[in-house]
Each structure stands twice: as structure tokens, then as C-alpha cells.
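J.:
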Amino acid sequence: MATIRQSDQGTVEPSSFRDPSGFIFRRNGTLYRQVNRSYKEYFDSLMESGLYENLIQADLLIPHREVAPDLRCTDQAYKIIEPEPIRFISYPYEWSFSQLKDAALATIRIQKEALNRNLSLKDCSAYNIQFRDGKPAFIDTLSFEPYREGRPWVAYRQFCQHFLAPLALMSYVDVRLNQLSRIYLDGLPLDLASALLPARTHLRMGLLSHIHLHAKAQIRYADKTLDTSGRKISRVGMLGLVDNLEVTVRKLEWRPAGTEWGEYYDDTNYSASATEDKERIVAAFLERAGPALVWDVGANTGLFSRVASDRKIPTIAFDIDPAAVEKNYRETVAKGETYILPLLLDLTNPSPAIGWANVERMAFLQRGPADAVMALALIHHLAISNNVPLGRIAEMFAKMGEHLIVEFVPKSDSQVRRLLTTREDVFPDYRQEVFEKEFARYFEIEESVPLQDTDRTLYLMRQLNP
Amino acid sequence: MKASQLLLASAIWLVFSEDSYAYIDPGTGSFILQMLIAGVLGAIFYLKVYWQKVKLFVANRWRSAKVRFTDPEPDMQDGDDQTE
Numbered sequence: 018m019a020t021i022r023q024s025d026q027g028t029v030e031p032s033s034f035r036d037p038s039g040f041i042f043r044r045n046g047t048l049y050r051q052v053n054r055s056y057k058e059y060f061d062s063l064m065e066s067g068l069y070e071n072l073i074q075a076d077l078l079i080p081h082r083e084v085a086p087d088l089r090c091t092d093q094a095y096k097i098i099e100p101e102p103i104r105f106i107s108y109p110y111e112w113s114f115s116q117l118k119d120a121a122l123a124t125i126r127i128q129k130e131a132l133n134r135n136l137s138l139k140d141c142s143a144y145n146i147q148f149r150d151g152k153p154a155f156i157d158t159l160s161f162e163p164y165r166e167g168r169p170w171v172a173y174r175q176f177c178q179h180f181l182a183p184l185a186l187m188s189y190v191d192v193r194l195n196q197l198s199r200i201y202l203d204g205l206p207l208d209l210a211s212a213l214l215p216a217r218t219h220l221r222m223g224l225l226s227h228i229h230l231h232a233k234a235q236i237r238y239a240d241k242t243l244d245t246s247g248r249k250i251s252r253v254g255m256l257g258l259v260d261n262l263e264v265t266v267r268k269l270e271w272r273p274a275g276t277e278w279g280e281y282y283d284d285t286n287y288s289a290s291a292t293e294d295k296e297r298i299v300a301a302f303l304e305r306a307g308p309a310l311v312w313d314v315g316a317n318t319g320l321f322s323r324v325a326s327d328r329k330i331p332t333i334a335f336d337i338d339p340a341a342v343e344k345n346y347r348e349t350v351a352k353g354e355t356y357i358l359p360l361l362l363d364l365t366n367p368s369p370a371i372g373w374a375n376v377e378r379m380a381f382l383q384r385g386p387a388d389a390v391m392a393l394a395l396i397h398h399l400a401i402s403n404n405v406p407l408g409r410i411a412e413m414f415a416k417m418g419e420h421l422i423v424e425f426v427p428k429s430d431s432q433v434r435r436l437l438t439t440r441e442d443v444f445p446d447y448r449q450e451v452f453e454k455e456f457a458r459y460f461e462i463e464e465s466v467p468l469q470d471t472d473r474t475l476y477l478m479r480q481l482n483p
Numbered sequence: 198m199k200a201s202q203l204l205l206a207s208a209i210w211l212v213f214s215e216d217s218y219a220y221i222d223p224g225t226g227s228f229i230l231q232m233l234i235a236g237v238l239g240a241i242f243y244l245k246v247y248w249q250k251v252k253l254f255v256a257n258r259w260r261s262a263k264v265r266f267t268d269p270e271p272d273m274q275d276g277d278d279q280t281e
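Note that the protein sequences, when read in sequence, are chains A and X. One rule links them: number in the numbering used here = place in the first sequence (from 1) + 17. One rule links them: number in the numbering used here = place in the second sequence (from 1) + 197.
1. Near L477 of chain A, what residues of its chain come up, given a Cβ to Cβ distance below 8 angstroms and the 5 sequence neighbours on each side ignored?
2. Which residue wins for smallest C-alpha separation from A121 of chain A, given the options A:P153, A:Q432, A:L132?
3. Looking only at DSSP bridge pairs, what is Y49 of chain A linked to?
4. Taking the alpha-carbon positions, what's the A85 of chain A to D92 of chain A distance?
5. Since I believe C141 of chain A is in contact with F114 of chain A (beta carbons under 8 angstroms), could you give me their beta-carbon distance rounded to a whole number of angstroms?
6. Report all residues from its chain with a CB closer than 6 angstroms to the CB of M255 of chain A; omit the five preceding and five following residues, and keep chain order.
7. L244 of chain X CB to nearest chain A CB: under 7 angstroms?
8. Less than 7 angstroms between the beta carbons of F381 of chain A and S402 of chain A, yes or no?
9. The alpha helix (DSSP H) that contains F381 of chain A, what's its start and end?
10. Suppose you measure from the CA of R165 of chain A to the CA of Q51 of chain A; what does that come to, to the nearest Å?
11. Look at P504 of chain A and V299 of chain A and say whether their C-beta atoms are less than 7 angstroms apart.
12. From the beta carbon of L230 of chain X, is the nearest beta carbon of chain A less than 7 angstroms away?
13. What's the call for I41 of chain A, buried or exposed, on a 16-neighbour Cβ count within 10 Å?
14. Is R265 of chain X buried or exposed, if buried means 16 or more other CB atoms sit within 10 Å of its CB?
15. I need the DSSP call for A400 of chain A, collapsed to helix, strand or coil.
16. Measure the alpha-carbon distance for D36 of chain A versus L269 of chain A and round it to whole angstroms.
17. Counting only Cβ-Cβ distances shorter than 8 angstroms, please list the residues of the region 253–264 of chain A near chain X, keeping chain order.
18. For I97 of chain A, which three-state DSSP category applies?
19. Indicate the three-state DSSP secondary structure (helix, strand or coil) for L393 of chain A in the structure shown.
20. From what residue to what residue does the beta strand (DSSP E) around T158 of chain A run?
21. Does the region 67–86 of chain A come close enough to the region 144–164 of chain A to have 3 or more Cβ pairs within less than 8 angstroms?
22. Pick out whichever of A:A316, A:L225, A:R384, A:E111 has its Cα sitting closest to the Cα of A341 of chain A.
23. According to DSSP, which residues form a beta bridge with R82 of chain A?
24. Quick one: grab the DSSP three-state call for L238 of chain X.
25. Check the Cβ of W2 of chain A against every Cβ in chain X and list those closer than 8 angstroms, keeping chain order.
26. Comparing alpha-carbon positions, which option in A:V390, A:L362, A:S288, A:T365 lies nearest T332 of chain A?
27. Would A235 of chain X count as contacting chain A if we go by Cβ distances under 7 angstroms?
28. At a CB distance below 9 angstroms, what residues from the region 219–249 of chain A approach chain D? Give them in sequence order.
29. Quick check on T491 of chain A: does DSSP put it in helix, strand or coil?
30. Take A262 of chain X and list the residues in its own chain whose beta-carbon comes closer than 6 angstroms to its own, dropping the five residues that flank it on each side.
31. Within 7 angstroms (strictly less), CB to CB, does T20 of chain A reach chain X?
32. Please name the residue or residues paired with M478 of chain A in a DSSP beta bridge.
33. Verify the CB distance criterion: does S227 of chain X have a CB-CB separation below 7 angstroms to chain A?
34. Secondary structure at T438 of chain A, three-state DSSP: helix, strand or coil?
35. Sort out for me which residues DSSP pairs K485 of chain A with in a bridge.
36. Taking the alpha carbon of S290 of chain A as the reference point, which residue from A:T471, A:I106, A:M64, A:L63 has its own alpha carbon closest?
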């Protein structure tokens, strides 16, 4: 992983430099957080007010344990804490609508609990939320400060830009607009959100106030210095503001145009018995590979991801389709699943490394490798729809994980024939023997099993030089 | 002045204000806006909490009245082992 600073005592994480209260660092492979002396009073209030206990019990904050102070990274340290590790770091531009909405509601709940204990969030970045055992949890233990009645909420702007604006755009305009978060790392500019939202959103009090008027106010006062010391926001006013944000977020909904969730179509062309056969083969391959972490790329709504996650193997279920990821996430919530995390990913253009010095947010491949990668009914999309030669697909998969469970779908399959109806067949090498030869440059084929009632084959492969 | 009128007045005032560039410092505007809307949202919140208390009070009264008039031995109702 890239680093911005190294010292004998540890390596500071590249994303951890904005907050003078402390930072995250890695030492001997373990992640720690240094709490600086300047944050002592606030950190003690979090721990002693009962808020920490409260948030841990509600699964809203990442738990930590205090470790020996001699693990400190610099001499400004007050305390060193070891937060519970997160299995897979994900970012808002990889979340489905409901994942971002649940992250927003978790943030609001934390602010409400904090206000109850006379504390307040000083940061509301969506990057402070990570999915832990299927649920959104706040990871920045140093984001709390004492609540002082009369003062405005310093994180209000961030909440609107990181959560409300993208959710409103996804709900009212197009769900794919969450990709704007990838460009605007400190949240969507509100004047942009205001310009893109339809005029009827002016009739919704929450969106009118927190987005449209907020954008106008930001523009009006951008270059002015104002003395706001004489103006106060009462406690009730603050509670009203936070409550209204929650109501506004709750009212935002999204579903794919013209469909009900129950009808959302799984695009398969094979029989129920072939599906069962595929589940059995995947299960046997997983049994043999014994992975501790699975990446299922092209997971759709997670049918085969669950073959792994139901065996208590932590599984990240990536798909390019926001509706499939949304449906998958709704299922994880409905069933209370803790081993599966659905995420949005376009494998032909995976999340890059972005932010300050290009190291603040990690690229997709930097977050690996996984122990096993599953790529079922995917190769033909990469090779034929996206014109990637089989050798390059093998090379990419070799970067992703040690084991590979991959399905080859030949040209005789109706799904591939469908892809070829609108294209000239410029894929003479798209054949099973070429597939095996190209993959054999990186992997040893441990097992291959034909899928019943189809022309497809499932492979279990293992990297030659992991 | 009613809450909704205050919000409308703020809206008109902001909408017809001159433009500059928000990226210089969007923070000041965020503070000002909170001060403008907090009064209205606080009043709504106050009414909402008050209304919930009224509903809870009525619901409790209704429940206790129902228990008093229809069920002479309410503590017998919860047992799994009761026979008809």
C-alpha cells in the first residue's frame, strides 16, 4: 500500500491526515489509531459520557481497545487504540441506494445519540462509514466534540453534500449519479445538485431547505466574512434540524423503473436443475480451496455468493448493475446476513486510487488480494461485450486472488449468441482450448466440471506463483 | 410571522441574491442557512414531540379503559397455559 509518511514507530495511512486530533497508522501489520493530546478532553468525554458504550451496543461505532502507549507513532500521543479491523474497505461510489441511505440514517442516529449526551459530530463524511457485519458503522472515533448550545452544526454542510445530495439525485434523477461521489470527494457541490434536481423538489420542504436554499446561501456568502457570534441556534432548533434531515432522508426512495423488487429479473438461460448443479460444483470447489475471503465478481443478486457466505466465508459480491446490488443488499438486510457485502463495481473500469496525491482512497486491486475469486457467467461479457482478450482477463484475475472459480460460456450458448447478434464475430480465439491455454500461463487448473444440461464448464484454478 | 412565511421569505431573499463562487468557502453560507431554518424546524420538532406525547397519552388511556371494562382479570390473559 502507498504511504505518505514513515517513521520507526509505524506507517501513517495515506487517508489519515486531515484531522489534527489524531491519525491511523499501521505497525507490524496491525492498524492503530493515535489520539493526540490536543484531543484528550474530547476523547475522554466520548468514553466517559456513556456515548461510546451506547453506540457500541447499537452497532453504530467501531469498537476499539486501548493498547500500551509505547506503541505511539509520534510524541504528541495521548492514547493509542486498536480499532476492530474492517474486512473490506468500501467507498460511497460503490454503494447501492439503500446502502448510502442506511449510512446516512446511521450517521443521523449517531448525531442524535451524541446530542443526548451533550456531544456532537464534527465530521459527517460518508468515508467515516464502513459496512461491518452487513450494517453501516462509524469508524472515526475522533469525530466527536462537545455540543455547545447556540453554535451551528459544523458538520451540517458535509452531511448534505455527502449523503442528502447524492441520495436525492439517485432518487429523483438517476441512480447512476452516485458516481459523482467519485469525482467530488468532499461531497457533491450543492449548487450542482440543485441544478440537476427537478423543479418539483422545491416543493419538498427538506430538499428545498437543505439543498436548494443551502446552495443559494453558500453562493451568497462564499466571499463574505460575517460575524455570526451574536446569532444562536437553540437546542430545540438543533434537534429540529437533525430530525428534519432524518425525515428528508427517510422519504427518499428508489426502485428500478417499471419494476417491483419481487419481479426483478435474474438473467439466466438454464434450468433449475442446472442452477442446483452449479451450486453443488461451486460448493465443492470452495470446500477444496478453503478461502477465508471470497470476491464474487459479476455476482448479480448474489445467488452464488451465498453459497460462500452461507458457509460463513466473508464474501464481497460485486456487480455492475445498481439494481442487482440494491436487491442483493435488501436481501442481506431482510435476512440479517453478516458474511456478505454487496458492492457496485464495473470490472472493466474498477475503482481507481483517488484523492490527495492519488493515495487517499484505494484502488479496487489495492484492497486485495482475495483468497478466492468467483467469476461465474462473466467471461463472455468481458471478452465479447468489452473486447478484452482472454490472456488479459487471465492476467487481471491473477492479480485478484490465489484461487479462481471460473465458468467458461462457449459461443454455442444462447447468452453468447445473443451478444453476437449485434456484433461482427471478431473473436476467433474465443474458444475453450484457447481459454485453458491462456489461463494456464497464470493458473494451474485443479479441476474442471461440465455444467449439466449446458455447454458450459466450471473450473477451479490455483495461481502458479501467488 | 408564521413558520412557513418565514421560510418563504428566506427563500425569496436567497433566490434573488447575487451569485459568487461557492467553492471559495461554502462554510459561511451553511452556517447562515442553519440559523435561518433552525427556528422553523425547531418549532416543527417541538410540535411533533408534543403530538407524540398526546397520542401516547390517549393510547394509554384507551388501553387502560378497555382493560377496565372488558377484562376483569387482565393478568390471566398473558399465560400460555390458560384453557378456554
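Note that the Cβ used here is the ideal one computed from N, Cα and C, for glycine as well. Here the structure is a predicted model, which means the values were calculated and not measured.
T.: On the basis of the supplied data:
1. F302, R305, A306, H420, L421, I422, I462, E463, E464, S465
2. A:P153
3. A:F42
4. 14 angstroms
5. Going by Cβ atoms, the distance from F114 of chain A to C141 of chain A rounds to 19 angstroms, so no, they are not a contact pair.
6. none
7. no
8. no
9. Unbroken run through F381 of chain A: none, as it is neither H nor E.
10. 26 angstroms
11. Residue 504 of chain A cannot be examined here, being either before or after the span of chain A that is shown, 18 to 483.
12. yes
13. buried
14. exposed
15. helix
16. 32 angstroms
17. V253, G254, M255, L256, G257, L258, D260, N261
18. strand
19. coil
20. Run containing T158 of chain A: none; DSSP gives neither H nor E here.
21. yes
22. A:A316
23. A:E99
24. helix
25. Because chain A is modelled from 18 through 483, residue 2 of chain A falls outside the range shown and cannot be assessed.
26. A:V390
27. yes
28. The displayed structure is made up of protein chains A and X, and chain D is not among them.
29. This structure cannot settle anything about residue 491 of chain A, because the visible part of chain A is limited to 18 through 483.
30. none
31. Because the pLDDT at T20 of chain A is just 42, under 50, the model does not fix this residue reliably, and the value given afterwards should be weighed accordingly. No, because no Cβ of chain X sits closer than 7 angstroms to the Cβ of T20 of chain A.
32. A:L421, A:I462
33. yes
34. helix
35. The structure shown does not extend to residue 485 of chain A, since chain A spans only 18 to 483, so no value can be given for it.
36. A:T471
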